[in-house]
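All the letters of the sequence shown, read from the start, carry residue numbers 1 to 170 under UniProt numbering. For glycine and all other residues, C-beta sits at the position ideal for the given N, C-alpha and C. On a predicted model such as this, the values are computed, not experimentally measured, just so you know.
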Amino acid sequence: WNRSEYDNLTLLRIPASMLWYPDTFLYNTADNTGYLIPQESQNMVINNDGLVVWPMPLAHLRTRCRMGIRHFPFDEQSCEMLPDYAPNNEWKLLAVKQTIREQEFANWIEKDPFYEINFTVLIRRKPLQAIYNTVVPALMLTILTLVSFFIPFAQEMQIGKVIFDTQFVG
1 WNRSEYDNLT
11 LLRIPASMLW
21 YPDTFLYNTA
31 DNTGYLIPQE
41 SQNMVINNDG
51 LVVWPMPLAH
61 LRTRCRMGIR
71 HFPFDEQSCE
81 MLPDYAPNNE
91 WKLLAVKQTI
101 REQEFANWIE
111 KDPFYEINFT
121 VLIRRKPLQA
131 IYNTVVPALM
141 LTILTLVSFF
151 IPFAQEMQIG
161 KVIFDTQFVG
């Protein structure tokens with residue numbers, strides 16, 4: 001619509017139930033909850049230039065991702081999924097790449113193409129967290145075990161029990 005004809009109105013918010021929206025599905029979900037549909041109470045935003053914005057609520061989508069851990073804890077992973085990222089202590093977001101492919105199916109009745117949208121998220125593990133959680137405790141237990149060889153037998157039994165308890169409780 002022309003803004004000047006409608007009191008400089010640049011956008012409308014209307015209920016999602018009043019608009020058609022495409023079926024959106026995350027194919028590589030880990031828990032089979034891949035359909036993304038707007039909530040009944042959610043409003044879509046329509047700009048005067050025809051752009052429709054679907055403000056998706058924060059969603060927790062689980063996706064399958066092949067992980068290579070050969071260089072753990074200094075590894076990088078590349079996962080294909082829909083994007084949503086919250087910064088944390090374990091991963092650093094390096095890049096997000098989007099590709100759109102047109103798919104045509106020969107046996108399909110309708111000749112309209114299907115579009116496949118892929119988001120590839122490249123993340124790098126922040127090694128400090130993994131080092132604190134794995135390497136430091138293992139190193140401390142190793143040092144404690146070695147120290148137990150140089151102390152009298154009575155104290156060695158007590159330290160041995162502490163080491164045993166630490167390994168299986170911690």
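Spatial neighbours of Met-67 in its own chain (CB-CB distance under 7 Å, excluding positions within 5 residues in sequence) are listed in chain order as Gln-77.
Taking the C-beta atoms as reference points, Asp-75 is found no nearer than 9 Å to Arg-3. In its chain, beyond the 5 residues on either side, no residue has a beta carbon closer than 7 Å to the beta carbon of Asn-133.
Distance from the CA of Leu-9 to the CA of Arg-70, rounded to the nearest whole angstrom, comes to 56 Å. Beta bridge pairing from DSSP links Ala-138 with no other residue. Met-44 and Gly-50 have their C-alpha atoms roughly 12 Å apart. DSSP places Leu-128 inside the alpha helix (DSSP H), whose first and last residues are 127-130.
Contact between Pro-73 and Ala-130 holds: CB atoms are separated by about 3 Å, below the 8 Å threshold. Note that the C-beta distance between Leu-128 and Asn-88 is not below 9 Å.
Counted as a single uninterrupted DSSP element, the beta strand (DSSP E) harbouring Trp-91 occupies residues 91-103. For Leu-144, the CB contacts under 6 Å within the same chain, skipping 5 residues up- and downstream, are Ile-163 in chain order.
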